[in-house]
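Q: I am attaching a structure below and will ask some questions about it afterwards.
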Amino acid sequence: MMFWPQDTIPFLWGVATSSHQVEGGTDNDWTEWENSGHVAEKSADSSLHYHKYPEDFQLFSRIGVNAYRYSLEWSRIEPEPGQFSRQTLDHYRAMTQSLLDHHIEPLITLHHFTLPKWFAKQGGFFHPEASRLFERYVKKVMDAVGDLVRFYVTINEPMVYAAMSYGMGQWPPGHKNLKEFWQIGSKLLSCHQRAYHRIKSHRPDAMVGIANHLLAFSPYDNRSRLDRFNARIVNYLFNERFIQQARNTTDFIGVNYYSQQYTDHRHFWTPVVHKPNATLLTDMGWEIHPERLEELLLALKHFDKPLLITENGIATNDDILRQQFILDHLAAVSRAQNQGAIVRGYFYWSALDNFEWVDGYRPRFGLIGVDYKTQERTLRDSAYLYRRIIDANQGQWPINVPPKPGQPASAL
Ligand code: FCB
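Put into structure tokens, the structure is as follows:
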């Protein structure tokens, strides 16, 4: 049954980040991965958001967002098994309170790809007691900030985590193991379920979901029946299955949408990221297809749950392209809303430039640019555009978006 606290919660106009990507100074399984030479660049200081959040929240206010999605760093909260850091929990409480003081709704992610080193060493989510240990961490989080936070994402992109960490082996623990790739999903699901019940027992009015990375799959060769079949199977396994399995323990469906990929049955499990002749590519090499977001949102209608776009954004140094990207994707959201998709929020990825995993610091996703030498922040024109869209859509849905970037940025 669909529920949305619409009397108190307007459309969420947000921005998103994750702890390891922006905080700086994190010490987790990813830090070890970076230190053992698996990636070109180390996260190190990143954007120093852990310390500079007061300045960043002022910028968020200037952008006019009413929501912020960020993750709590489990490894800071529980650096050793069963030992919880009061200082870190106090830090996150102060940070969350500061958001509320800025009239910004917090949405907390509990797991965004990184793990405490001790937990990773014991097998991570394959630890026989993983769900109990995850729940213990979630309980501490609820004790520390539960009264301040209504929105929770338990797990970010379970399928991406499964694919990168256990299928392709590019992320820690670097396994390429089909069996583990299949099994990790159910491990994550039980962690999610226990976390869901823990959050709800603490706070029955909490809104809890998962941020699912949805990819729009197309057959590489539209005339090939096998490629078309491949697209349908992968769409089910990557996009739908987890959402279905978690449907009784989610209050909303989080959608992270970036791009389209092509299924080629000759390599069934590894779709092609972009076609050789693709013209519109981001700095990640991803194709730009806003219209597919509309389609993916409509495909979720049958779940009868509120939808939040928990991530959508572009890596580029061309801010005009970023502005058009935002407009086109918001227009797709608006069209989907007009056809009955219950989209209740949109979080641009990312609030500020950050550490993009194996791609390091090259991709620039931020509405706020960061000079990593000086840590100076600059609002990009796209931030001003976002502000204008938010101003024009105070709390209402379906949302309205102008078709073009429009007048040049003005000071806020
Ligand atoms: C998503 C991740 C996020 C970020 C963006 C670009 O898959 O959730 O951490 O890396 O991609």
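Using the working numbering, you'd call the opening residue of the sequence shown number 1 and step up by one each time.
From the three backbone atoms N, C-alpha and C, an ideal C-beta is built for every residue, glycine too.
Do T109 and N156 come within 7 Å of each other at the CB atom, strictly closer than that value?
A: On the sequence shown, residue 156 is found 156 positions in, with the first residue counted as 1. On the sequence shown, residue 109 is found 109 positions in, with the first residue counted as 1. Yes, Cβ-Cβ distance for N156 and T109 is below 7 Å.
Q: Could you compute how far the alpha carbon of V22 sits from the alpha carbon of R232?
A: Counting from 1 along the sequence shown, the entry for residue 22 is found at position 22. Counting from 1 along the sequence shown, the entry for residue 232 is found at position 232. About 36 Å.
Q: Could you spell out the range, first to last residue, of the beta strand (DSSP E) harbouring L209?
A: For the purposes of this step, residue 209 is identified with residue 209 of the sequence shown, where counting begins at 1. The identity of residue 209 in the sequence shown is Gly, whereas the question assumes Leu. First-last of the beta strand (DSSP E) with G209: M207 to P219.
Q: State the CB to CB distance for the pair E78 and P128, rounded to an integer number of angstroms; the pair is presumed to be in contact (CB under 8 Å).
A: Here residue 78 refers to the residue found at position 78 when the sequence shown is read from its first residue. Here residue 128 refers to the residue found at position 128 when the sequence shown is read from its first residue. Going by Cβ atoms, the distance from E78 to P128 rounds to 18 Å, so no, they are not a contact pair.
Q: How would you label R266, buried or exposed, when you count the other beta carbons within 10 angstroms and need 16 or more for buried?
A: One-based indexing of the sequence shown puts residue 266 at position 266. Exposed.
Q: Mapping the DSSP letters down to three states, classify S47 as helix, strand or coil.
A: For the purposes of this step, residue 47 is identified with residue 47 of the sequence shown, where counting begins at 1. Of the three classes helix, strand and coil, the one that applies to S47 here is coil, per DSSP.
Q: State the DSSP-derived secondary structure class of V343, mapped to helix, strand or coil.
A: For the purposes of this step, residue 343 is identified with residue 343 of the sequence shown, where counting begins at 1. V343: strand per DSSP, three-state reduction.
Q: Starting from T250 and walking both ways along the alpha helix (DSSP H), at which residues does that stretch end?
A: To locate residue 250, count along the sequence shown from 1; it is residue 250. Premise fails: T250 is in no alpha helix (DSSP H) and is neither H nor E.
Q: Expressed to the nearest angstrom, what Euclidean distance is found between the alpha-carbon atoms of Y70 and P363?
A: Reading the sequence shown from its first residue, position 70 is the one you call residue 70. Reading the sequence shown from its first residue, position 363 is the one you call residue 363. Each residue's Cα considered, the two are about 19 Å apart.
Q: Keeping to the same chain, check which residues put their C-beta closer than 8 Å to that of K187; ignore five residues upstream and five downstream.
A: Indexing the sequence shown from 1 puts residue 187 at position 187. Taken in chain order, the residues that qualify are F125, F126, A130 and S131.
Q: Given the structure, does W28 come close to ligand 1, in the sense that its CB is under 6 Å from one of the ligand's heavy atoms?
A: In the sequence shown, counting from the first residue as 1, residue 28 sits at position 28. The question names Trp, but residue 28 is Asn in the sequence shown. Flag unset: Cβ of N28 not near ligand 1.
Q: If we count the other Cβ atoms within 10 Å of its Cβ and call it buried at 16 or more, is T81 buried or exposed?
A: Within the sequence shown, the letter at position 81 stands for residue 81. The sequence shown places Pro at residue 81, not Thr. So P81 ends up on the exposed side.
Q: For the region 282 to 323, list the beta strand (DSSP E) runs that are entirely contained and at least 3 residues long, ordered along the chain.
A: Correct list: 307 to 312.
Q: I need the DSSP call for A409, collapsed to helix, strand or coil.
A: Within the sequence shown, numbered from 1, the residue matching residue 409 stands at position 409. Below a pLDDT of 50, predicted positions are generally treated as unreliable, and A409, at 48, falls in that range; no measurement from the model is reported.
Q: If I'm right that Y166 touches F181 with Cβ under 8 Å, what's the distance once you round it to whole angstroms?
A: Here the question's residue 166 lines up with position 166 in the sequence shown. Here the question's residue 181 lines up with position 181 in the sequence shown. That pair is a contact at about 4 Å.
Q: Rank S224, V39 and Y258 by C-alpha distance to the C-alpha of A211 and give the top, closest one.
A: Here residue 211 is taken as the residue at index 211 of the sequence shown, counted from 1. Nearest option by C-alpha distance: Y258.
Q: Does Y258 come out as helix, strand or coil in the three-state DSSP assignment?
A: Within the sequence shown, residue 258 is the residue found at index 258, counting from 1. Correct three-state label for Y258: strand.
Q: Report the partner residues of Y348 according to the DSSP bridge assignment.
A: As a working mapping, residue 348 is identified with position 348 in the sequence shown. Y348 pairs with V15 and N312.
Q: So, helix, strand or coil for E105, using DSSP?
A: Residue numbering aside, residue 105 sits at position 105 when the sequence shown is read from its first letter. DSSP places E105 in strand when its eight states are reduced to three.
Q: If we ignore side chains and look at the alpha-carbon of each, how far apart do Y137 and D283 end up?
A: As a working mapping, residue 137 is identified with position 137 in the sequence shown. As a working mapping, residue 283 is identified with position 283 in the sequence shown. Their Cα atoms are separated by approximately 36 Å.
Q: Run through DSSP, which three-state label would I414 get?
A: Residue 414 lies beyond the range of the chain shown here (1 to 412); nothing can be said about it.
Q: Locate the beta strand (DSSP E) running through G369, then write down its first and last residues.
A: Here residue 369 refers to the residue found at position 369 of the sequence shown. First-last of the beta strand (DSSP E) with G369: I368 to D371.
Q: Since R377 is in the alpha helix (DSSP H), which residue starts that stretch and which ends it?
A: Reading the sequence shown from its first residue, position 377 is the one you call residue 377. It is not in any alpha helix (DSSP H) - R377 instead sits in the beta strand (DSSP E) that spans E376 to L379.
Q: To the nearest whole angstrom, what separates the beta carbons of P172 and W286, a pair I think is in contact under 8 Å?
A: Along the sequence shown, one-based indexing puts residue 172 at 172. Along the sequence shown, one-based indexing puts residue 286 at 286. About 23 Å; that fails the 8 Å criterion.
Q: Please name the residue or residues paired with T263 in a DSSP beta bridge.
A: To locate residue 263, count along the sequence shown from 1; it is residue 263. The partner list for T263 (beta bridge, DSSP) reads P219.
Q: Given the structure, does N156 come close to ligand 1, in the sense that its CB is under 6 Å from one of the ligand's heavy atoms?
A: Taking the first residue of the sequence shown as 1, we reach residue 156 at position 156. Result yes, Cβ under 6 Å from ligand 1.
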